[in-house]
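Counting from 1, position 234 in the sequence shown corresponds to residue 234 in full-length UniProt numbering; the numbering is continuous, with no gaps.
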Amino acid sequence: MEEFTRSLKSFSADVGGKLSGLAAKASPRQPLPAQSPPPPAGGPAHGADQPADAAREAALAALAPEYFQRGSDPLAAELGVLAEAAGQAEVDAVVERLTGALEVVSGRLKRHVVQHQEKLIQGLTNVAGVGDDVHAAFCMVQAARHQLRAAADDVAAQVAVVESTRKKQRLIGALDLATRLQQVWDLPANLKPLLEAGELGDAVLLCLEAHQLLEAALSGLATAPPLRARVKRHYYDCLSRLDAALQRTCAAFSAEGYSKLLEAYLLSGTQPAALAAEVGGAFPEALHDAALRVVRGALLATKGAQAADGGAGAGLLLQAGSYPQMCRQLPAKLLRPCLLQLLELVFDILASYEAMHAFHEASGPAAEAAAAAVARASSDGGDGTGPDAAAAAGGAAQPDGDQMARVHAATRALLRAVSGALRAGRGEVAGAAGSKVRELLLAPETGRGDELLQVVSWCEALAAFGDAFVGGASELRSALAACYAPLLEG
Numbered sequence: 001m002e003e004f005t006r007s008l009k010s011f012s013a014d015v016g017g018k019l020s021g022l023a024a025k026a027s028p029r030q031p032l033p034a035q036s037p038p039p040p041a042g043g044p045a046h047g048a049d050q051p052a053d054a055a056r057e058a059a060l061a062a063l064a065p066e067y068f069q070r071g072s073d074p075l076a077a078e079l080g081v082l083a084e085a086a087g088q089a090e091v092d093a094v095v096e097r098l099t100g101a102l103e104v105v106s107g108r109l110k111r112h113v114v115q116h117q118e119k120l121i122q123g124l125t126n127v128a129g130v131g132d133d134v135h136a137a138f139c140m141v142q143a144a145r146h147q148l149r150a151a152a153d154d155v156a157a158q159v160a161v162v163e164s165t166r167k168k169q170r171l172i173g174a175l176d177l178a179t180r181l182q183q184v185w186d187l188p189a190n191l192k193p194l195l196e197a198g199e200l201g202d203a204v205l206l207c208l209e210a211h212q213l214l215e216a217a218l219s220g221l222a223t224a225p226p227l228r229a230r231v232k233r234h235y236y237d238c239l240s241r242l243d244a245a246l247q248r249t250c251a252a253f254s255a256e257g258y259s260k261l262l263e264a265y266l267l268s269g270t271q272p273a274a275l276a277a278e279v280g281g282a283f284p285e286a287l288h289d290a291a292l293r294v295v296r297g298a299l300l301a302t303k304g305a306q307a308a309d310g311g312a313g314a315g316l317l318l319q320a321g322s323y324p325q326m327c328r329q330l331p332a333k334l335l336r337p338c339l340l341q342l343l344e345l346v347f348d349i350l351a352s353y354e355a356m357h358a359f360h361e362a363s364g365p366a367a368e369a370a371a372a373a374v375a376r377a378s379s380d381g382g383d384g385t386g387p388d389a390a391a392a393a394g395g396a397a398q399p400d401g402d403q404m405a406r407v408h409a410a411t412r413a414l415l416r417a418v419s420g421a422l423r424a425g426r427g428e429v430a431g432a433a434g435s436k437v438r439e440l441l442l443a444p445e446t447g448r449g450d451e452l453l454q455v456v457s458w459c460e461a462l463a464a465f466g467d468a469f470v471g472g473a474s475e476l477r478s479a480l481a482a483c484y485a486p487l488l489e490g
């Protein structure tokens, strides 16, 4: 019985696999017809096999429904039919019946395959083509993924480059800002060599550039207000140095130094009328400072020995006393040396005045010629920056013809204004010189005899120079004569 069970299991597995294929194409819910369809017309006749075929068809038709149902167990159904006491003959009969059914199923399957061979081949071909297409698509997808990875890497690299570029730009901007800030901060150190060399024009220009940097690029910084105050302080210091340099020029004129002063005043934006008034008042101020230096120096020399007794009081007197009061304190022995020194200083100041006026008179036509050269260059289609214009402007080529024209116009206006002030102020300067000398001559104990004659001789020489300076009888002569005439009569 066990051997029969094993044989039946293998048979049912074989039959079940073949019947499952047929069940997929036929309706598994309906049993097969009782008789097989007739053989095709023209087929070979097998008369001897017809009874056996009929028996096999009958065996196929007699199969249990479990053979045609998915998930069923035909073996259990067959074993359920057999009795416990079935013998070999019954088992062989069941095996023979099922073998016949298997042969029928195999034959039908073969005929079905043969009938649909072309479709099968076409299906296999289609499957192979689909496989090739799927493989090609797989290759394309792999290539696309590779390209996507390469593109992602390239985009990441480009993003890194962009970030680096932006960071570099931010750093460059920060460096430029720091450089400008350092330039403004280093203004005192940069001004020091210029001021020591007397380049006041460059110093003023440096202050203006620092101010422009603050207003244009650094105005939003928290340090801008203190830096602005610092720049203004140094700028006003440069202007005060300009005034001091103008005082020194009044005492000892130098064409080169005075040209630098005019350039500095021009760069600072000083108006022509203001500069003319500044120059006109600088010479009387220079005369006053010279007279004070002479008299104060003499008094300090005489009061030095009295430092322990009344030196402090003398010092206070020197600080608070006016020039006439100091002249009254001069000892008789110091009057002539002080007078001689003062006359020399007055002569130098008046000579500087004359040299400055001559400088303006000579520079006016030169400035007019330079302006005309610039105008010709502009009218000829140039920008006023050619060799002729540069030579006319003193060799300093400008980037813009209009700017050059404005510079030359401002220069001409300054020269004309100062020249007019110098031409009109000769009498005032001569009168200021006479008043300083007269205060010394009015001091007691001026001198007697030869000493008085020597003083008169000095005064006459200065008066003659004053007449030539003014171009006629000057107030200097009348002031001096009013001082020493009573002495001569006495």
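Beta carbons are placed, not taken as given, at the ideal position from N, Cα and C, and that holds for glycine.
Problem set entry | Straight-line gap, Cys238 to Leu453 (C-alpha atoms, nearest Å) | 47 Å
Exercise. Is the distance from the Cβ of Leu214 to the Cβ of Arg228 below 8 Å?
Worked result: Contact: yes.
Exercise. Can you check whether the CB of Ala189 is closer than 8 Å to the CB of Leu195?
Worked result: In terms of Cβ geometry, Leu195 and Ala189 do not form a close pair [threshold 8 Å].
Exercise. Are the beta-carbon atoms of Gly420 and Ala276 separated by less than 8 Å?
Worked result: Between Gly420 and Ala276, the C-beta spacing is below 8 Å.
Exercise. Taking C-alpha atoms, which residue in Pro331, Val161, Gly280 lies nearest to Val295?
Worked result: Distance from the Cα of Val295 is smallest, within the candidate group Pro331, Val161, Gly280, for Pro331.
Exercise. Any idea if Pro284 is buried or exposed, counting beta-carbon neighbours within 10 angstroms, 16 or more meaning buried?
Worked result: Classification of Pro284: buried, given that the 10 Å Cβ count is 16 or more.
Exercise. On the three-state DSSP scale, how would you describe Thr179?
Worked result: helix
For this session: For Ile349, count neighbouring C-beta atoms within 10 Å of its own C-beta (all shown protein chains included) and say buried if the count is 16 or more, exposed if not.
Result: buried
For this session: Go through the segment 253-295 residue by residue and report every complete run of the alpha helix (DSSP H) that reaches 4 residues or more, in order.
Result: Correct list: 255-267.
Exercise. Looking at Ala101 and Leu75, is the spacing between their C-beta atoms short of 8 Å?
Worked result: no
Exercise. Taking C-beta to C-beta, are Leu414 and Leu266 nearer than 8 Å?
Worked result: yes
For this session: Specify, as a first and last residue, the run of the alpha helix (DSSP H) that His234 falls within.
Result: 224-251
Problem set entry | N- and C-terminal bounds of the alpha helix (DSSP H) containing Gly220 | From DSSP, Gly220 is part of no alpha helix (DSSP H); its letter is neither H nor E.
Exercise. Taking Cβ to Cβ, would you say Cys342 is nearer than 8 Å to Leu440?
Worked result: Rather than Cys, the amino acid found at residue 342 in this sequence is Leu. Yes. Within cutoff.
Problem set entry | Other residues of its chain near Thr361: CB distance less than 7 Å, five sequence neighbours each side excluded | Checking the sequence, you will find Glu at residue 361 rather than Thr. Within the same chain, Cβ atoms closer than 7 Å to the Cβ of Glu361 are found at Ser419, the five residues on either side in sequence being excluded.
Exercise. Leaving out the 5 sequence neighbours to the left and right, which residues in its chain are closer than 8 Å to Arg97 when beta-carbon positions are compared?
Worked result: So the list reads Ala59, Ala62, once near-sequence residues are dropped.
For this session: Express the C-alpha separation of Leu300 and Gly313 in angstroms, rounding to a whole number.
Result: Its pLDDT being 47, under 50, Gly313 is placed unreliably by the model, and the measurement read from it follows with that caveat. Near 12 Å, if we compare the C-alpha coordinates of Leu300 and Gly313.
Problem set entry | Buried or exposed by the 16-neighbour rule on C-beta atoms within 10 Å, applied to Tyr353 | buried
For this session: Could you tell me the distance, in whole angstroms, from the CA atom of His408 to the CA atom of Ala417?
Result: Here the C-alpha atom of His408 lies approximately 14 Å from the C-alpha atom of Ala417.
Exercise. Should Ala389 be labelled buried (16 or more other beta-carbon atoms within 10 Å of its own) or exposed?
Worked result: In this prediction, Ala389 has a pLDDT of 36, which is less than 50 and means its spatial position is unreliable; what the coordinates show is noted afterwards. With 16 or more Cβ atoms within 10 Å of its Cβ, Ala389 is classed as buried.
Problem set entry | Best match in Val105, Leu335, Ala255 for proximity to Tyr67 [C-alpha to C-alpha] | Val105
For this session: Pick helix, strand or coil for Glu90, following the three-state DSSP scheme.
Result: helix
For this session: Compare the Cα-Cα distances from Arg56 to each of Gly87, Gln88, Glu78, Val94 and report the closest residue.
Result: Val94
For this session: Within its chain, find whatever has a CB closer than 8 Å to the CB of Ala152; leave out the 5 residues flanking it on each side and keep chain order.
Result: none
For this session: Please look up how many angstroms separate the CB atoms of Leu334 and Thr302, rounded, as I've assumed it's under 8 Å.
Result: With a beta-carbon spacing of about 7 Å, Leu334 and Thr302 fall inside the 8 Å limit used to define contacts.
Problem set entry | Closest by C-alpha distance to Trp185, when choosing among Arg145, Lys168, Ala210 | Ala210
Problem set entry | Min CB distance Gly107 to chain D below 8 Å | Included in the structure is just one protein chain, with no chain D present.
Exercise. Run through DSSP, which three-state label would Asp73 get?
Worked result: coil
Problem set entry | Terminal residues of the alpha helix (DSSP H) in which Gly434 lies | 426-441
Exercise. Expressed to the nearest angstrom, what Euclidean distance is found between the alpha-carbon atoms of Gly471 and Leu218?
Worked result: 57 Å
For this session: Report yes if the CB atom of Asp467 is closer than 8 Å to the CB atom of Ala473, and no otherwise.
Result: yes
Exercise. Alpha carbon to alpha carbon, how far is Gly434 from Leu181?
Worked result: 53 Å
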